[in-house]
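S.K.:
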Amino acid sequence: MATLAIISVATLICIAVGIPIGISMARSNRVQSVITPILDVMQTIPSFVYLIPCVMLLGIGKVPGLLAVCIYALPPLVRLTNLGIRLVDREVLEAADAFGANYRQKLLGVELPLALPNIFAGINQTIMMSLAMVVIASMIGVKGLGVPVLRAISNQYLALGLMNGLAIVALAIIFDRISQKFGQNIQKHRTSDHDF
Amino acid sequence: MTSDVKIEIKNLYKVFGNNPVAMMELVKTGTSKQELLDEYNHVLGLKNINLEISDRHIQVIMGLSGSGKSTLIRHINRLIEPTAGNVIVDGQDVLAMTRLELQEFRRSQASMVFQRFALMPHRSVADNVAYGLHIQGIKGEEAEKRSQRWIERVGLAGYESHYTSQLSGGMQQRVGLARALATDAEILLMDEPFSALDPLIRTDMQEILLGLQTELQKTIIFITHDLDEALRLGNSIVILRDGEVIQIGTAQQIVMNPVDNYIKDFIKDINRGRVIQVSSIMNTTVSNTGPQIDGDTVLEDALQVISNSGSGVGEVTKDGKVVGSVDVDTIISTLSRRI
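Chains as they are written, first to last, in this note's numbering: chain A, 924 to 1119; chain B, 20 to 358.
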């Protein structure tokens, strides 16, 4: 349950932060060229490295754990939001312009709806990556499925490690299916075939 | 066929590249398009376009790909900013408008139909048609009622809740047309609207458009690369090449008096019998011996009428009055003349 909680909160934070960053990246090439290397760093730097300052500044507990999870899980959502908006058909955007749509109408009425498949792939990735982080987060005092896994690793308890590892996998599969199904439901038009 | 000028385009230039303004001097002193591209790496899109578009007419802009026709139409609602020149609609300079004025202009005065439809795949047919209205803030029943009228008018009743990906190309463009008409804008910009459709559907769509035009009397700017389409639809035709106007005139003027070899090449394959009207080749002597033929009749039909009457000569009338005559020999020699 603790794992579920931290993943849900981390995902919500990532959505709230990641989608606006993705939109601003899609708007300007300069923003994109600044943010892309930052995302690269966030994804590739060993998580232990930023766990140290997190713990130094915020101590042991849920908050630094959450921060660590978010740092790791945010990049795919930002990247895919950016990609999704950049892939929106230029002609459809031109049509929106030709009918006098303003900035907000274009963003909410055209760009975000059409970028939705990519944004959903990003949210899905974010959930998966935050699940992968729970074991590491448990090292700095986040409760949940990561704790027994960590104990299993340090004591070489095969059965305990396997059980809890599989529990994380099960959780991942459930989350994955739910988010994919939800994504499909809000964009039914893509699944409908040509019937002429 | 004279009437008020609705849209006036004056000395319009468009140069694409990193520093178009600096290139203007070169363009004005006569640097060619090729030179500009080779030496300065700028593309000359439009060069000194001057055009007056009459109110409530269909103005066709014709040219091959790369001639600048799509660039030109996008200047009218300022989807593209010109490098120099003026675009005046109803006495108002489109280029001087602020962002909000331009937005309002696009919402209420000029709507557009696109070559590849540019429909919103996430909206149903009804919502696509109502798009322009939604943008204007007209919602609910009012928008539904107004868009429903146009859905029926273009023959799409029953498809309101379909998504556009479920429709064929011809039906998608009907949605595009209905969407443009639903805003009740007086100017309709059509960028090669029927080019992506197969020939039979294209003829259908042309008929729908002509039918709508007799009823609605809008100012339509219609772009095409197909001369038959241009001759069929246009009250007036502009032919562009490499961003320059080559000839402006009615279908008759272009077919009878092409100004250069480029246009001669264009018109050599058309069916002259279905384009040229008797008034273009009649002589003004009145003989009062043959059947009466309206001046707008095309040669093919005139020939039929005259040969049925057995007289060899036809009287050409305009508004019911005899204004000249045309004989079979003239018609045949016009039909067979190779240019």
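Using N, Cα and C, we set each Cβ at its ideal position, and we do this for glycine too.
Assign residue 1065 of chain A to buried or exposed, taking buried as 16 or more other Cβ atoms, counted over all protein chains shown, within 10 Å of its Cβ.
M.R.: As a working mapping, residue 1065 of chain A is identified with position 142 in the first sequence. Buried: at least 16 other Cβ atoms inside 10 Å.
S.K.: Within a Cβ cutoff of 8 Å, which residues of the same chain sit near residue 179 of chain B, ignoring the five residues on either side of it in sequence?
M.R.: Numbered from its first residue, the second sequence carries residue 179 of chain B at position 160. Result list for residue 179 of chain B: 143, 144, 145, 167, 170, in chain order.
S.K.: Report, in whole angstroms, the separation of the C-beta atoms of residue 301 of chain B and residue 253 of chain B, which I expect to be a contact under 8 Å.
M.R.: Within the second sequence, numbered from 1, the residue matching residue 301 of chain B stands at position 282. Within the second sequence, numbered from 1, the residue matching residue 253 of chain B stands at position 234. With 8 Å as the limit, residue 301 of chain B and residue 253 of chain B do not qualify as a contact, their Cβ atoms being about 22 Å apart.
S.K.: Please confirm if residue 122 of chain B has its CB atom under 7 Å from at least one CB of chain A.
M.R.: Residue 122 of chain B sits at position 103 when you count from the first residue of the second sequence. Yes, residue 122 of chain B counts as interfacial toward chain A.
S.K.: From the DSSP secondary-structure annotation, give me the bridge partner or partners of residue 103 of chain B.
M.R.: The residue you call residue 103 of chain B lines up with position 84 of the second sequence. B/32.
S.K.: I'd like to know if residue 1036 of chain A contacts chain B, where contact means its C-beta is closer than 7 Å to some C-beta of that chain.
M.R.: Within the first sequence, numbered from 1, the residue matching residue 1036 of chain A stands at position 113. Yes, contact with chain B.
S.K.: Could you give the distance in angstroms between the alpha-carbon of residue 978 of chain A and the alpha-carbon of residue 987 of chain A?
M.R.: Looking up residue 978 of chain A in the first sequence gives position 55. Looking up residue 987 of chain A in the first sequence gives position 64. C-alpha separation (whole angstroms): 6 Å.
S.K.: Does the count of Cβ pairs from the region 1087-1100 of chain A and the region 56-70 of chain B closer than 8 Å reach three?
M.R.: Contact between the region 1087-1100 of chain A and the region 56-70 of chain B is absent, because fewer than three Cβ pairs lie under 8 Å.
S.K.: Which one or two residues does DSSP pair with residue 225 of chain B in a beta bridge?
M.R.: By 1-based counting over the second sequence, the position of residue 225 of chain B is 206. For residue 225 of chain B, which the question treats as bridged, DSSP gives no partner whatsoever.
S.K.: Could you tell me which chain A residues have their CB closer than 9 Å to the CB of residue 150 of chain B, listed as they occur along the chain?
M.R.: Counted from its first residue, the second sequence places residue 150 of chain B at position 131. Ordered by position in chain A, the residues that pass the 9 Å Cβ test against residue 150 of chain B are 1018, 1019, 1022, 1024, 1032.
S.K.: Would the beta-carbon of residue 275 of chain B fall within 7 Å of that of residue 298 of chain B?
M.R.: Counting from 1 along the second sequence, the entry for residue 275 of chain B is found at position 256. Counting from 1 along the second sequence, the entry for residue 298 of chain B is found at position 279. Contact: no.
S.K.: Would you list the residues sitting across from residue 241 of chain B in a DSSP beta bridge?
M.R.: Against the second sequence, residue 241 of chain B aligns to sequence position 222. Paired residue(s): B/79, B/209.
S.K.: Helix, strand or coil: which one does DSSP assign to residue 1114 of chain A?
M.R.: For this step, residue 1114 of chain A is matched to residue 191 along the first sequence. In this predicted model, residue 1114 of chain A has a pLDDT of only 48, less than 50, meaning its place in the structure is not dependable; the value taken from the coordinates is given anyway. The answer is coil: DSSP assigns residue 1114 of chain A none of H, G, I, E or B.
S.K.: In chain order, what residues of the same chain lie with their CB nearer than 6 Å to the CB of residue 998 of chain A, ignoring the 5 residues before and after it?
M.R.: Here residue 998 of chain A is taken as the residue at index 75 of the first sequence, counted from 1. For residue 998 of chain A, where only same-chain residues beyond five positions count, the Cβ hits under 6 Å are 962, 965, 966.
S.K.: What does residue 1028 of chain A touch in chain B if you count any residue whose Cβ is under 9 Å from its own?
M.R.: To locate residue 1028 of chain A, count along the first sequence from 1; it is residue 105. Ordered by position in chain B, the residues that pass the 9 Å Cβ test against residue 1028 of chain A are 153, 154.
S.K.: Helix, strand or coil for residue 131 of chain B? Go by DSSP, reduced to three states.
M.R.: For the purposes of this step, residue 131 of chain B is taken as the residue at position 112 of the second sequence. Strand, per DSSP.
S.K.: Specify whether the region 130-138 of chain B and the region 198-213 of chain B touch according to this definition: at least 3 beta carbon pairs, one from each stretch, less than 8 Å apart.
M.R.: Touching, yes, given that three or more Cβ pairs across the two stretches are closer than 8 Å.
S.K.: Taking the beta strand (DSSP E) that residue 966 of chain A belongs to, which residues open and close that run?
M.R.: For this step, residue 966 of chain A is matched to residue 43 along the first sequence. No beta strand (DSSP E) contains residue 966 of chain A, which is instead part of the alpha helix (DSSP H) from 952-967.
S.K.: Just the Cα atoms here: how many angstroms apart are residue 316 of chain B and residue 340 of chain B?
M.R.: In the second sequence, residue 316 of chain B corresponds to position 297, counting from 1. In the second sequence, residue 340 of chain B corresponds to position 321, counting from 1. The alpha-carbon atoms of residue 316 of chain B and residue 340 of chain B are separated by roughly 15 Å.
S.K.: Starting from the C-beta of residue 350 of chain B, find all residues in its chain whose C-beta is less than 6 Å away, skip the five residues before and the five after it, and write them out in chain order.
M.R.: Stepping through the second sequence from its first residue, residue 350 of chain B is reached at position 331. Taken in chain order, the residues that qualify are 318, 322.
S.K.: Along the region 40-56 of chain B, what residues have a CB closer than 9 Å to any CB found in chain A?
M.R.: So nothing in the stretch comes that close.
S.K.: With DSSP as the reference, label residue 279 of chain B as helix, strand or coil.
M.R.: Indexing the second sequence from 1 puts residue 279 of chain B at position 260. Of the three classes helix, strand and coil, the one that applies to residue 279 of chain B here is coil, per DSSP.
S.K.: For the alpha helix (DSSP H) containing residue 164 of chain B, list its first residue and its last residue.
M.R.: Locating residue 164 of chain B in the second sequence gives position 145, where the first residue counts as 1. Start and end: 159-172.
S.K.: Have a look at A/932, A/1004, A/924 and flag the residue whose alpha-carbon is nearest the alpha-carbon of residue 943 of chain A.
M.R.: As a position in the first sequence, residue 943 of chain A is number 20, starting the count at 1. Per the Cα distances, A/1004.
S.K.: If you draw a straight line from the alpha carbon of residue 991 of chain A to that of residue 935 of chain A, how long is it in whole angstroms?
M.R.: Position 68 of the first sequence, counting from 1, holds the residue named residue 991 of chain A. Position 12 of the first sequence, counting from 1, holds the residue named residue 935 of chain A. If you take the alpha carbons of residue 991 of chain A and residue 935 of chain A, they lie about 14 Å apart.
S.K.: DSSP three-state label for residue 21 of chain B, please.
M.R.: For this step, residue 21 of chain B is matched to residue 2 along the second sequence. With a pLDDT of 46 at residue 21 of chain B, under the threshold of 50, the predicted position of this residue should be treated as unreliable, though the coordinate-derived value follows. Residue 21 of chain B falls in the coil class under three-state DSSP.
S.K.: Answer yes or no: does any C-beta atom of chain A fall closer than 7 Å to that of residue 28 of chain B?
M.R.: Residue 28 of chain B sits at position 9 when you count from the first residue of the second sequence. No, because no Cβ of chain A sits closer than 7 Å to the Cβ of residue 28 of chain B.
S.K.: Between the Cα of residue 1024 of chain A and those of B/333, B/110, B/220, B/98, spot the shortest distance and give me the residue it belongs to.
M.R.: Locating residue 1024 of chain A in the first sequence gives position 101, where the first residue counts as 1. Of the listed residues, the one whose Cα sits closest to residue 1024 of chain A is B/98.
S.K.: Within its chain, find whatever has a CB closer than 7 Å to the CB of residue 1100 of chain A; leave out the 5 residues flanking it on each side and keep chain order.
M.R.: Here residue 1100 of chain A refers to the residue found at position 177 of the first sequence. None.
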